[in-house]
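Student: Numbering (my numbering), first residue to last: 8 to 326. Backbone N, C-alpha and C fix where the C-beta goes; we use that ideal spot for every residue, glycine too.
Below, the structure written as structure tokens:
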């Protein structure tokens, strides 16, 4: 038993080292396109699968092993029946990740790679025997996967006002994260939802738990991140927000994930026409879509326009 534990520990350390060898960033070890491909499409072996916070937690901390040895550590959460419940809303988590792509460069992303993968119910029972299908006819289980950040602070206040005023790089990253939490209407102030990189040379700030956002009811822990708490914003970010159109938002956010079931397999495919813009989780025959509703997208647009209007009034200092 001790030898097995030691072997596992060595492999975990090699996994972390492997990421560092390919690292483009102290937290995001590979290009996001590569991470997305590995999580969406590539075959992997589940090396470690354990409860995230407490025994029986639906959230898991998982290590995935790949044949190329570029293993990934992720947060794994199985969606419940219907694919959308309070604080277990894969479409909100994925929408936050996809939305940032419209106005931030990859090196400035504030949400780590987040997506979904589907399994046939029979296959998924080999992973979690006591699970239920997310969708029926056909029986499918949907899992939200999010890239795990290692070099981050845990606990404490994320916003360091003194550092914000003295460190332009930290100010940029925090302001971008705050813009993001405002736009997505972040409704959960739970400690640990926002994390700061421990890399002093690149003090990125991340929002990692984005299930209580958009049209979600707020949590009982407060909602301080739904407001913009700073008076200085990155000019580049504001300029890119100003260039976004309503058509772009509806096109990109209406369908953020799509799956098709054929020949006994469920696969992630490129988005097609929105099945029903008034629903966030859609199923038609063997096709499943996730996205924001038309109403939720309009709310995002309204938030963006508010930032732009306030900026025109001189409410923010751009840097």
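Kindly provide the ranges of any alpha helix (DSSP H) runs that are 4 or more residues long and lie completely inside the segment 115 to 149, ordered along the chain.
Tutor: 128 to 131, all fully within the segment 115 to 149.
Student: Run through the segment 162 to 233 for me and flag every whole beta strand (DSSP E) of 3 or more residues, listed as ranges in chain order.
Tutor: Taking only runs of at least 3 residues, the beta strand (DSSP E) segments lying wholly in the segment 162 to 233 are 201 to 203, 212 to 214.
Student: Tell me the rounded alpha-carbon separation between residue 318 and residue 251.
Tutor: Looking at the two C-alpha atoms, the distance is approximately 16 angstroms.
Student: Since I believe residue 182 is in contact with residue 239 (beta carbons under 8 angstroms), could you give me their beta-carbon distance rounded to a whole number of angstroms?
Tutor: The pair is a contact, with the Cβ atoms about 6 angstroms apart (cut-off 8 angstroms).
Student: Where does residue 86 fall in DSSP's three states?
Tutor: Correct three-state label for residue 86: coil.
Student: Along the chain, where does the alpha helix (DSSP H) that runs through residue 314 open and close?
Tutor: 301 to 319 is the span of the alpha helix (DSSP H), which, as asked, contains residue 314.
Student: Is residue 80 buried or exposed, if buried means 16 or more other CB atoms sit within 10 Å of its CB?
Tutor: Classification of residue 80: buried, given that the 10 Å Cβ count is 16 or more.
Student: Between the C-alpha atoms of residue 312 and residue 306, what's the straight-line distance to the nearest angstrom?
Tutor: Those two C-alpha atoms are separated by around 10 angstroms.
Student: State yes or no: is the C-beta of residue 191 within less than 8 angstroms of the C-beta of residue 103?
Tutor: Their beta carbons are under 8 angstroms apart, which means residue 191 touches residue 103 by this criterion.
Student: Beta-carbon within less than 7 angstroms of residue 256's beta-carbon, same chain only, minus the 5 sequence neighbours each way: which residues are those?
Tutor: Same-chain partners within the cutoff: 304, 307, 308.
Student: Look at the alpha carbon of residue 314 and the alpha carbon of residue 209, and state the distance between them as a whole number of angstroms.
Tutor: Whole-angstrom Cα-Cα distance: 26 angstroms.
Student: Would residue 121 and residue 153 qualify as a contact pair, given that the criterion is a beta-carbon distance under 8 angstroms?
Tutor: Contact: yes.
Student: For residue 91, which of helix, strand or coil comes out of DSSP?
Tutor: Correct three-state label for residue 91: coil.
Student: Just confirm the distance between the C-beta atoms of residue 297 and residue 263, as a whole number of angstroms; I'd bet it's less than 8 angstroms.
Tutor: About 6 angstroms; that satisfies the 8 angstroms criterion.
Student: Give the single residue among 236, 249, 288, 187 whose Cα lies nearest to the Cα of residue 220.
Tutor: It is 187 whose Cα lies nearest to the Cα of residue 220.
Student: For residue 30, which three-state DSSP category applies?
Tutor: Its pLDDT being 48, under 50, residue 30 is placed unreliably by the model, and the measurement read from it follows with that caveat. Looking at residue 30 - three-state DSSP - the assignment turns out to be coil, as it is neither helix nor strand.
Student: Taking the alpha-carbon of residue 53 as reference, which of 113, 74, 281 has the nearest alpha-carbon?
Tutor: Looking at the Cα atoms, 74 is the closest of the given residues.
Student: Could you give the DSSP three-state label for residue 156: helix, strand or coil?
Tutor: The answer is coil: DSSP assigns residue 156 none of H, G, I, E or B.
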